[in-house]
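Data block below; observations after.
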Amino acid sequence: MEALREFLAGQHRPEEQNEAGGGEDGVELVPEDWRLSQFWYDERTTRELVEEVVRLVSPSGSGSAAGAVACITCPTLYACLKKTVPGVPAQLLEYDERFGQYGGDFTFYDYNRPEELPAAMKHAYRVIIADPPYMSKECLEKVAKTVSFLARPEGSFLLLLTGNCSSWQCSVE
Numbered sequence: 004m005e006a007l008r009e010f011l012a013g014q015h016r017p018e019e020q021n022e023a024g025g026g027e028d029g030v031e032l033v034p035e036d037w038r039l040s041q042f043w044y045d046e047r048t049t050r051e052l053v054e055e056v057v058r059l060v061s062p063s064g065s066g067s068a069a070g071a072v073a074c075i076t077c078p079t080l081y082a083c084l085k086k087t088v089p090g091v092p093a094q095l096l097e098y099d100e101r102f103g104q105y106g107g108d109f110t111f112y113d114y115n116r117p118e119e120l121p122a123a124m125k126h127a128y129r130v131i132i133a134d135p136p137y138m139s140k141e142c143l144e145k146v147a148k149t150v151s152f153l154a155r156p157e158g159s160f161l162l163l164l165t166g167n168c169s170s171w172q173c174s175v176e
């Protein structure tokens, strides 16, 4: 019940929602919107994911990026990644257009149209992180099409972020 009260209280503060992205670095998160199936990661989870992404994108340990990162519906990860390693080329694919505040790093994404993306994004990403908004078979299959569109032909790393799921839900044919 307390969570519902917090959510409803947050809906009555539109001025705060509009200011949430106004930080100096331009990668502040807007408040999560449960109606869009948005649930931000906690700090520890986000930090560990960013460490893994950095390890994958700069395998030599040099800190310089050897490829671009695509964040499919995971704005928490994108924001922390850009704050931690501002120079890493990263793209956020997200349905919520409030993230348009990220400028060229934002691409509108509707999982129902998995390949309706700019041609320049095709086969362009070394690391792809996907956190599907729903754990249905249909949603996962469509997100898998997006992953195939984004992945490099020579291979890419995929981090599929989910809650508990059955093996049928995560197998891609």
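This note's numbering puts the sequence shown at residues 4 to 176. In this text, a Cβ means the ideal position worked out from N, Cα and C, and glycines have one as well.
- CA-to-CA, the gap between P156 and R101 works out to about 32 Å.
- About 7 Å separates the Cβ atoms of P135 and Y114, confirming a contact at the 8 Å cut-off.
- In the three-state scheme derived from DSSP, where H, G and I count as helix and E and B as strand, Y105 is classed as helix.
- The alpha-carbon separation between T149 and K125 amounts to approximately 9 Å.
- Annotation: the continuous alpha helix (DSSP H) that includes V60 extends over E46 to V60.
- Looking at the backbone, the Cα of F160 and that of E46 are separated by about 23 Å.
- Your pair A93 and A127 does not check out as a contact, with CB atoms roughly 12 Å apart and the cut at 8 Å.
- Taking every protein chain shown into account, the CB of P89 has fewer than 16 other CB atoms within 10 angstroms, so this residue is exposed.
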